[in-house]
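*Asks:* In terms of the numbering used here, the sequence shown has 178 at position 149, counting the first letter as 1, and numbering is strictly consecutive.
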Amino acid sequence: MSVDTSSAVLYAASCSLALWAGTKLLFPEPDRAARHRDSLPFLGETWAAIKHADHYYDWEAEWTEKMEGRPWMFDVVGRPTEFVIGRPELIEDILVTQFDKFGKGEYVHDALQDLLGDGIFAVDGHKWMQQRKTASNLFSMRELRESMATVVQDNVKHLDDTFHRAMNNGEPVDLFQLFNRFTFEVISEIAFGVKFGGLASETEHPVETAFNYAQQRLFERFLEPTWLWKLQRWLNIGGERELKEHVRTIDDTCYSIISRSIEKNQAVRRADDRHESSPGTDAKSKKRHLISLFLDGVSEKTKHDNEANTEQTADPKYLRDIVVAFMTAGRDSTTAALSWFFYTLTQHPETEMKIRQEICAKIPELASGSISSPSLVQANELVYLEAAVKEALRLNPAVPSNIREALEDVVLCDGTVVKAGEAVSWSSYSIGRMPHVWGTDAKEFKPERWIDAATGKLIAVSPFKFTLFNAGSRSCLGTKLAMMEIKITAASVLSKYNLTLVPGQSITYRLGLSLAMKNGFKVKAEKAIPVSHS
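#1: Jot down the residue ranges of each uninterrupted alpha helix (DSSP H) in the stretch 424-496, minimum 4 residues, whole runs only, in chain order.
#2: Is the separation between the beta-carbon of N431 and that of W455 shorter than 7 Å?
#3: What is the DSSP secondary structure of E111, counted as helix, strand or coil?
#4: Taking the beta strand (DSSP E) that T529 falls in, what are its first and last residues?
#5: Report the start-end ranges of each alpha helix (DSSP H) in the stretch 88-162 that is 4 residues or longer and not cut off at the edges.
#6: Taking Cβ to Cβ, would you say T529 is nearer than 7 Å to K551?
#7: For P345, which residues in the same chain have their Cβ closer than 8 Å to its Cβ, ignoring the five residues on either side in sequence?
#8: Between which two residues does the beta strand (DSSP E) harbouring K551 extend?
#9: Could you check if G115 is buried or exposed, using at least 16 other CB atoms within 10 Å of its CB as the buried criterion?
#10: Could you say which of G134, G146, V531 and A557 lies nearest to Q376 if we only look at CA atoms?
#11: DSSP puts R64 in a beta bridge; with which residues?
#12: Which of helix, strand or coil does DSSP assign to M170?
#13: Please report the distance separating the alpha-carbon of A222 from that of E97.
#14: If you check the beta carbons only, do S362 and V428 fall under 7 Å apart?
#15: Assuming L228 is part of the alpha helix (DSSP H), what are its boundary residues?
#16: Under 8 Å Cβ to Cβ from W479, same chain only, skipping five residues before and after it: list those, please.
#17: Considering K391, what are the terminal residues of the alpha helix (DSSP H) in which it resides?
#18: So, I123 versus V453, is the Cβ gap smaller than 7 Å?
#19: Taking one C-beta from the stretch 513-521 and one from the stretch 171-190 each time, how about it: are there three or more such pairs within less than 8 Å?
#20: Under 7 Å between the Cβ atoms of F128 and G501?
#21: Roughly how many angstroms separate the alpha carbons of K556 and E434, rounded to a whole number?
#22: Using C-beta distances below 6 Å, list every residue in its chain close to G450, excluding the 5 sequence neighbours before and after it, in chain order.
#23: Just list the residues that DSSP pairs V202 with in beta bridges.
#24: Considering just the uninterrupted stretch of the alpha helix (DSSP H) at R503, what are its terminal residues?
#25: Is the Cβ of L523 closer than 7 Å to any Cβ of chain B?
#26: Do you know whose CA, among R61, V412, N209 and Q159, lies nearest T357's CA?
#27: Can you give the Cα-Cα distance for L272 and D147, rounded to whole angstroms?
#28: R61 and V446 look like a contact to me (Cβ under 8 Å); what is the Cβ gap, rounded to whole Å?
#29: Please identify the residue among T380, T484 and Y85 whose C-alpha is closest to the C-alpha of K475.
#30: If you draw a straight line from the C-alpha of I460 to the C-alpha of F495, how long is it?
#31: May I ask you to report which of helix, strand or coil DSSP gives L247?
#32: Whose CA, out of A519, L506 and L424, lies closest to the CA of Q407?
#33: Please classify S457: is it buried, with 16 or more other beta-carbons within 10 angstroms of its beta-carbon, or exposed?
#34: Taking only three categories from DSSP, how would you classify L523?
#35: Tell me, to the nearest whole angstrom, how far the beta carbon of D350 is from that of L145; I am working on the premise that it is less than 8 Å.
#36: With DSSP as the reference, label F323 as helix, strand or coil.
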């Protein structure tokens, strides 16, 4: 950065801070909710957020617990006022009762747009409704579920190779890094029908590197004054310049694959119209990935209703935003879920043993090694495994926080006034630890809390209590697919290997859109000791 540019940024920052502080001083406004004990005059929680960045979610959870989930105000210079909540009834009020009065809003859309475009996670209104309907149709397709199960099973074999090689060589495995590559391969193949080969490579694929940086940089925007990152983007400097380069890598790859998929889909349609097959257009060549399924749906809609705007939904930019949103949601969150689940097992070997006993009882061919991974149907039978996964995610949620912007002045069900443009946030990390939500043993790991002792079946828990997968109209459409991927992967690994934590590590999180592990997570793999079900 040149001296002139640095001076311009510093000058703009000083003017903005002076204007903001002057406004607060001349036009003070009484607080509409409690403040954190670390709050400072004019600066609000700005300094506290910086000071506690390494353990931010725990800092937030401590005060949310002290408030028993009641709203407290969170102000950072250059950002909209935010109300932090931690009570199920307040979350339900926002996501269901007053759903139309809250949205992603301009603040979130601006922060995410460079990567997500007008994808489902960054928009509201008609754009969101249209994509929600499209995604709902896709996720309900049997072809997508079966295709995903097959892709997961195929890639689990590469995990097996990695663990086997590490075990024979006596080398540790960075499980977080391995799962990061694994989920990237799975989601790429499901979204694009493309194998990047990352699990067999010693280095990251450029697209994977690009996604890693882009998602981290987007989260950093939420920690900075909006004007600051927008100024950096305009000047094309710092992290914003690097983000632009990585997004270009993602776009080049996406558009290239989408273009080929559209051409192939059109060739198939022409062959179908002629009632004849042509080279490369038979049923076996039609990959059942997200783009092909979407284009098939567009083709059928065009054929039956000839709507004027139907062809527009096959626009490459529209497809790109759908696929990037799918990859963003499906990769980082699943990596975090798998990593924290296996870390939790290293701390609770008794739970690991119970999972192996369940596998032995319900899928004996997996326990004996006759098959390498369970089928979709078999994975659904593993009740205790799912309970253990959900309990691990209660305490270490893959997506730790959520935020909504008030689209108009709103009065919450507890009487709190939220003005248009202000935000309300809640932390799944906090709520999962709250005694007023989960009881006095909230901070303890107990998979049994998810199982009905009388029936042995999973207990249905309110999504306003277990908030990881959102709720209401914005509930996660991929919940079942994500759980399927986690269970197939976990059952496959646990049936063959015992993973122990390498001593001397600091296992903690990194602030981000997902609960990534800051320093990785190294384990040593040993052959699993056979167990008998009891």
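From the three backbone atoms N, C-alpha and C, an ideal C-beta is built for every residue, glycine too.
*Replies:* So, from the data block:
#1: Counting only runs of 4 or more, we get 457-460 and 464-467.
#2: Here residue 431 is taken as the residue at index 402 of the sequence shown, counted from 1. Here residue 455 is taken as the residue at index 426 of the sequence shown, counted from 1. Yes, the pair counts as a contact, with Cβ atoms nearer than the cut-off.
#3: Within the sequence shown, residue 111 is the residue found at index 82, counting from 1. Looking at E111 - three-state DSSP - the assignment turns out to be strand.
#4: Taking the sequence shown and counting its residues from 1, the one referred to as residue 529 is at position 500. That run of the beta strand (DSSP E) goes Y526 to L530.
#5: You should have 117-121 and 134-145.
#6: Stepping through the sequence shown from its first residue, residue 529 is reached at position 500. Stepping through the sequence shown from its first residue, residue 551 is reached at position 522. Cβ atoms of T529 and K551: not closer than 7 Å.
#7: As a first step, residue 345 must be located in the sequence shown, where it is residue number 316. Around P345: Y284, I287, S288 and I291.
#8: Counting from one through the sequence shown, the residue named residue 551 turns up at place 522. For K551, the enclosing beta strand (DSSP E) starts and ends at K551 to K556.
#9: Along the sequence shown, read from residue 1 onward, the residue named residue 115 stands at position 86. G115 should be labelled buried.
#10: Translated into the one-based positions of the sequence shown, residue 376 becomes position 347. For the residues G134, G146, V531 and A557, the minimum Cα distance to Q376 belongs to V531.
#11: Looking up residue 64 in the sequence shown gives position 35. Beta-bridge partners of R64 (DSSP): M102.
#12: The residue labelled residue 170 in the question sits at position 141 within the sequence shown. In the structure shown, the three-state DSSP call for M170 is coil.
#13: The residue you call residue 222 lines up with position 193 of the sequence shown. The residue you call residue 97 lines up with position 68 of the sequence shown. The question names Ala, yet the displayed sequence has Gly at residue 222. A direct Cα-Cα distance of roughly 47 Å separates G222 from E97.
#14: Sequence index remark: in the sequence shown, residue 362 carries index 333 (1-based). Sequence index remark: in the sequence shown, residue 428 carries index 399 (1-based). Closer than 7 Å, so yes.
#15: Position 199 of the sequence shown holds residue 228. L228 -> no alpha helix (DSSP H), and no H or E assigned at all.
#16: Walking along the sequence shown from the start, residue 479 turns up at place 450. Hits under 8 Å: E415, A416, K419, E420, L487, I488 and V490.
#17: Position 362 of the sequence shown, counted from the first residue, corresponds to residue 391. It spans P378 to K391 - the alpha helix (DSSP H) in which K391 sits, taken as one unbroken run.
#18: Residue numbering aside, residue 123 sits at position 94 when the sequence shown is read from its first letter. Residue numbering aside, residue 453 sits at position 424 when the sequence shown is read from its first letter. In this structure, the beta-carbon distance from I123 to V453 falls below 7 Å.
#19: Yes, they touch.
#20: For the purposes of this step, residue 128 is taken as the residue at position 99 of the sequence shown. For the purposes of this step, residue 501 is taken as the residue at position 472 of the sequence shown. A contact, by the Cβ cut-off of 7 Å.
#21: In the sequence shown, counting from the first residue as 1, residue 556 sits at position 527. In the sequence shown, counting from the first residue as 1, residue 434 sits at position 405. Their backbone Cα atoms lie some 50 Å apart in a straight line.
#22: Here residue 450 refers to the residue found at position 421 of the sequence shown. Within the same chain, G450 has close Cβ partners P109.
#23: Translated into the one-based positions of the sequence shown, residue 202 becomes position 173. According to DSSP, V202 bridges with V552.
#24: One-based indexing of the sequence shown puts residue 503 at position 474. For R503, no alpha helix (DSSP H) segment is defined, and its DSSP state is neither H nor E.
#25: No chain B appears in the structure shown, which is made up of a single protein chain.
#26: Start at 1 with the first residue of the sequence shown, and residue 357 comes out as number 328. Comparing Cα-Cα distances from T357 to each of R61, V412, N209 and Q159, the minimum goes to N209.
#27: As a position in the sequence shown, residue 272 is number 243, starting the count at 1. As a position in the sequence shown, residue 147 is number 118, starting the count at 1. Distance between the alpha carbons of L272 and D147 is about 18 Å.
#28: By one-based count along the sequence shown, residue 61 stands at place 32. By one-based count along the sequence shown, residue 446 stands at place 417. That pair is a contact at about 5 Å.
#29: The residue you call residue 475 lines up with position 446 of the sequence shown. It is T380 whose Cα lies nearest to the Cα of K475.
#30: Start at 1 with the first residue of the sequence shown, and residue 460 comes out as number 431. Start at 1 with the first residue of the sequence shown, and residue 495 comes out as number 466. Taking the straight line joining both Cα atoms gives about 8 Å.
#31: Position 218 of the sequence shown, counted from the start, is the residue given in the question as residue 247. DSSP, reduced to helix, strand and coil, places L247 within a helical segment of the structure shown.
#32: As a first step, residue 407 is located in the sequence shown; it is residue number 378 there, counting from the start. Nearest Cα to Q407 within the set A519, L506 and L424: A519.
#33: By one-based count along the sequence shown, residue 457 stands at place 428. Result: buried.
#34: Counting from one through the sequence shown, the residue named residue 523 turns up at place 494. Looking at L523 - three-state DSSP - the assignment turns out to be helix.
#35: Position 321 of the sequence shown holds residue 350. Position 116 of the sequence shown holds residue 145. Separation of the CB atoms of D350 and L145 is rounded to 7 Å, and the pair is thereby assigned contact status at 8 Å.
#36: Position 294 of the sequence shown, counted from the start, is the residue given in the question as residue 323. In the structure shown, F323 falls within a helical segment according to DSSP collapsed to helix, strand and coil.
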